[in-house]
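Q: In the numbering used here, the protein residues as written are 516 to 556. Below you'll find the structure I mean.
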């Protein structure tokens, strides 16, 4: 069964990105791996 992907409204995306920048993962080696996986999709 294929999972349905839903889009994030831009009005929610910006605050989400701000909170991701505050996250301990942002800018780390782990974040680079996550970002690369997202870009590969």
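Glycine included, C-beta positions come from ideal geometry on N, C-alpha and C.
Need the endpoints of the alpha helix (DSSP H) that residue 555 sits in, please.
A: For the purposes of this step, residue 555 is taken as the residue at position 40 of the chain shown. Per DSSP, residue 555 belongs to the alpha helix (DSSP H) from 544-555.
Q: In this structure, how does DSSP classify residue 524 when only helix, strand and coil are distinguished?
A: As a working mapping, residue 524 is identified with position 9 in the chain shown. Residue 524 falls in the coil class under three-state DSSP.
Q: From residue 542 to residue 549, what does the alpha carbon distance come to, in whole angstroms?
A: In the chain shown, the residue the question calls residue 542 occupies position 27. In the chain shown, the residue the question calls residue 549 occupies position 34. Each residue's Cα considered, the two are about 11 Å apart.
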